[in-house]
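Okay, so here's the structure we're looking at.
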Amino acid sequence: MRNRFDTQLAELNNELISMGALCENAIASAVKALLTGDLKLAAAAVRIDQEIDRKERELESMCLKLLLQQQPVASDLRLVSSVLKMITDIERIGDQASDIAEIVTYLSGACGHNQHIEEMAQATIKMVTDSLDAFVRRDLTLAWSVIEYDDVVDDLFAACKKDLIAEIADSPVDGERVLDILMIAKYLERIGDHATNIAEWVEFSITGTHKR
Amino acid sequence: MRKRVFGSIFLTALVTLLLTVSLLLAAVHSGLSHDMQERLASECRYIAAAVDDGGRAMLEELGSLYADRITLIAADGTVQYDNAGDEAAMENHAARPEVAAALRDGVGEDSRLSDTLETQTYYYAIRQQDGTVLRVASTAASTFGALSTASPWIVLIVLVTLLVAALLASWLTHVFLAPIIALDLHEPLKNDAYDELSPLLHRMDKQNRKIRSQMDELRRRQAEFDDITSGMDEGLVLFSAQGEILFANRTVHQMFPEETAAGGYLTLCRDPAYIRVVERALRGESSHERMEKDGRVYSVTASSVAEGGQGYAAVLFLVDITDRDQAERQRQEFTANVSHELKTPLTSIMGYAEIMENGIVRPEDIGRFSGKIRSEAVRLLGLIEDIIRLSRLEEGGGPTQPEPVELHALCRTVCDRLQHKAAAHRVSMQVQGTETVVCGQRAALEQMVFNLADNAIAYNKPEGSVTIETGTQDGAPFVRVADTGIGIAPADQPRVFERFYRVDKSHSRETGGTGLGLSIVKHGAALHHAGVELQSAPGQGTVITLRFPKVQET
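Residue numbers (this note's numbering), protein chains in the order written: chain C, 226 to 437; chain S, 345 to 898.
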């Protein structure tokens with residue numbers, strides 16, 4: 226019975242990592258689509274998001290089954306409950322990536338060169354990757370660094386906003402495009418927030434204390 | 345074992361003790377009661393004889409003397425005399441077994457336990473001539489009585505005996521087991537233990553040796569495996585059927601320095617290509633994919649290994665193909681460039697030829713047109729020659745054997761050949777330095793110096809100068825070509841040795857050249873194991889130095 230429980234826990238762990246991998250893949254595709262204007266990649270990001278949604282439901286039922294049938298305690302309980310919370314954030318990240326990809330499709334590749342957006346994209350990808358790495362390696366320090374890194378993304382968002390305001394002032398005709406890019410920036414900023422949440426749940430699963 | 349041995353010894357001692365004691369007790373008791381009966385019988389006969397002589401008076405005298413109870417019973421059973429009680433109050437004794445037996449047979453005996461079981465009374469009766477029965481009785485403590493009075497002592501004795509038995513048993517256990525406990529299992533044959541154990545020890549020794557040799561074999565194989573895998577440039581990872589990482593070699597740890605590479609396959613890397621390949625292999629399909637990670641390109645190949653009906657284990661190979669990938673891309677670029685470069689002059693040639701064919705050209709212009717066709721053809725020829733030279737260098741030089749070549753004279757020849765071009769560009773040329781000899785291919789070396797000097801003239805400023813210097817530095821020959829030309833921007837410096845790379849794309853036609861010059865220099869240098877150093881500052885000039893390896897004095 227316990228043996229089966231351990232197998233189930235390991236499976237849950239693996240499934241979460243592979244869901245995380247899908248999510249990383251989705252953002253990477255969306256960001257690449259944004260930077261290169263490759264619509265195929267944008268479509269790929271949307272497709273991956275659907276897969277992420279499916280995975281979320283799968284993991285959710287796995288968690289509930291574990292809770293009901295095995296009544297885990299202590300660190301096992303923390304793992305299951307933090308996974309239950311993390312999948313929501315990962316799923317949201319997938320959604321944001323898919324939203325970015327959709328906007329890229331509207332922009333039809335003409336996102337223009339924007340230093341801050343590019344930096345933001347790299348920073349959020351790093352945050353998501355690090356938060357998942359923290360989960361994989363149960364690395365508390367890495368989780369903390371992700372939580373701290375959110376400020377960098379927030380600052381970049383502010384800088385981005387300033388850029389875009391200046392751009393509107395320069396050429397008011399292009400307003401719609403600028404707003405779209407602002408949306409993308411906002412989505413990226415949200416992804417950063419979700420990555421922070423993941424890192425916080427990683428912290429919870431290790432230490433048993435959760436911020437807030 | 346110890347418990348069991350102790351238990352059996354202790355139990356044996358206990359049982360023996362109890363049996364001995366009880367049998368002894370029974371024997372002693374029966375002896376005692378027999379003695380008592382004997383004594384009573386002789387006493388009774390003696391009293392009977394005395395009473396026969398002395399009558400009632402003698403009986404009463406004896407009765408007061410004896411501690412034993414003496415009773416005279418009439419033939420009808422009534423008690424006529426008793427020295428221990430009131431005769432009148434006594435009941436009829438005819439039914440008593442000893443009396444009845446005496447009345448019937450002449451003598452009778454019996455022994456009876458008291459009601460409390462504590463005392464036993466022995467009786468002996470004799471029928472006298474007058475028909476009366478004389479009975480003597482003696483009361484002694486019964487076995488039970490004796491036991492009950494001695495019970496505290498008995499308990500003490502039993503306890504002491506038990507203690508002694510226990511101590512003895514434990515000591516014996518220790519003595520018996522000591523040789524077994526002291527057995528040296530690593531060297532079973534060196535033990536001096538019970539003979540009965542020797543087959544076991546022999547067997548153990550045999551197995552020990554077998555295990556040791558197998559362990560050595562395993563260790564040797566493991567070391568071999570480690571040596572092989574750690575020396576590999578490819579990353580090697582072994583997965584169990586459950587997807588756990590069983591082994592990852594050193595290269596893998598270098599490729600993924602921050603990953604732990606322990607646990608499930610997902611802990612190593614989360615690249616989608618990697619995950620696909622591993623999952624396919626765990627399902628029993630071998631496949632390979634390309635994976636990009638941290639700016640490097642890897643070829644990921646996973647083979648599945650059937651694991652006796654319990655799914656599939658997997659072997660993963662990671663090969664860094666960044667260089668191969670880049671070489672491939674360069675080759676493709678080169679092919680595209682070559683086609684383009686070859687096409688351009690041909691198109692011009694065809695254009696001029698077509699115009700002439702259609703007779704549009706005035707006769708006096710035919711010379712000019714032919715000249716253009718010729719110059720384009722020369723360009724084409726030069727290009728083809730360069731390509732041939734380049735491919736020959738890449739294949740390891742021409743057919744000629746390496747020979748000692750004196751560089752100073754070689755540079756002078758090159759200088760002479762280029763004098764005309766230099767004059768046309770209004771550039772002065774000089775050769776300086778000392779004579780130096782390298783071992784190499786004369787044609788290739790000449791081509792290299794020629795290309796360098798040619799570039800130095802072509803990319804020079806009017807009234808500039810080109811200096812070719814030869815010499816030996818720290819025993820290593822070198823050729824240095826310095827110009828006072830336009831220089832190369834730092835950003836372009838790493839790329840000028842690439843094929844068809846031109847710093848100034850728009851003016852390449854004017855300066856001429858094929859775009860292969862420096863590439864030939866680079867490959868020629870590689871052929872001669874020489875290093876190429878480039879120092880340049882835009883607007884100030886360029887210095888390119890060829891450093892040959894130190895000459896081996898023979």
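Heads up, the beta-carbon is just placed ideally off N, CA and C, and yes, glycines get one too.
Counting along the chain, the unbroken beta strand (DSSP E) around H632(S) starts and ends at 631–637. H546(S) sits exposed, since fewer than 16 C-beta atoms from the chains shown fall within 10 Å of its C-beta. Interface annotation for the stretch 360–387 of chain C against chain S: V361, R362, criterion Cβ-Cβ distance under 8 Å.
For F354(S), the enclosing alpha helix (DSSP H) has its first and last residue at 346–409. Here the C-alpha atom of I710(S) lies approximately 10 Å from the C-alpha atom of G703(S).
Nearest neighbour of H873(S) by Cα position, chosen from F520(S), I619(S), I353(S), L737(S), turns out to be L737(S).
Contact between T780(S) and G815(S) is confirmed by a C-beta separation of about 6 Å, below the 8 Å threshold.
Note that the C-beta distance between V771(S) and I801(S) is below 8 Å.
When DSSP states are grouped into helix, strand and coil, E747(S) belongs to the strand group. The three-state secondary structure of M345(C), taken from DSSP, is helix. From the beta-carbon of P616(S), the residues of chain C found nearer than 7 Å are A246, N250.
Pairing F844(S) with L860(S) gives a Cβ-Cβ distance under 8 Å. The C-beta of I242(C) comes closer than 8 Å to at least one C-beta of chain S.
For K687(S), the closest alpha carbon among the candidates A513(S), R706(S), L724(S), V823(S) is that of L724(S). Between L447(S) and A419(S), the beta carbon gap of about 7 Å places them in contact (Cβ cut-off 8 Å).
Counting other Cβ atoms within 10 Å of its Cβ, H518(S) stays below 16 and is therefore classed as exposed. With 16 or more other CB atoms across the displayed protein chains lying within 10 angstroms of its CB, D827(S) is buried. Remark: fewer than three beta-carbon pairs, one from each stretch, lie closer than 8 Å, so the stretch 556–564 of chain S and the stretch 525–541 of chain S are not flagged as touching. For M287(C), the enclosing alpha helix (DSSP H) starts and ends at 264–295. When the Cα atoms are used, V810(S) and D380(C) turn out to be separated by approximately 55 Å. Boundaries of the beta strand (DSSP E) harbouring S647(S): 640–650, taken from the DSSP string.
Proximity of chain C to G608(S) at the Cβ level (cut-off 8 Å) is accounted for by A235, N238, N239, I242, in chain order. Burial is judged here by how many other beta carbons sit within 10 angstroms of a residue's own beta carbon; K280(C) has at least 16 and is buried. Here DSSP, grouped into helix, strand and coil, assigns G421(S) to coil. Taking the CA atoms as reference points, T364(S) sits about 31 Å from A522(S). The C-beta of Q745(S) has fewer than 16 other C-beta atoms within 10 Å across all chains shown, which makes the residue exposed.
Secondary structure at D454(S): strand, using DSSP grouped into helix, strand and coil. By the C-beta density criterion, Y538(S) is exposed, having fewer than 16 other C-beta atoms within 10 angstroms.
Between M345(C) and C385(C), the gap from beta carbon to beta carbon is short of 8 Å. About 4 Å separates the CB atoms of V378(C) and G417(C); that is less than 8 Å, so the two are in contact. Each of L751(S), R640(S), L582(S), A768(S) was checked against the Cα of V622(S), and the nearest Cα belongs to L582(S).
Under the Cβ distance rule, I619(S) counts among the residues neighbouring chain C, one pair being separated by less than 8 Å.
Shown here for E392(C): same chain residues with a beta carbon closer than 6 Å to its own, the five before and five after excluded, namely V403 in chain order.
Distances from the alpha-carbon of P616(S) to those of N228(C), L247(C), L264(C), A322(C) put L247(C) closest. Nearest CB-CB separation between L304(C) and chain S: not below the 8 Å threshold. Rounded to the nearest angstrom, the Cβ distance from A625(S) to A658(S) is 4 Å, consistent with a contact under 8 Å.
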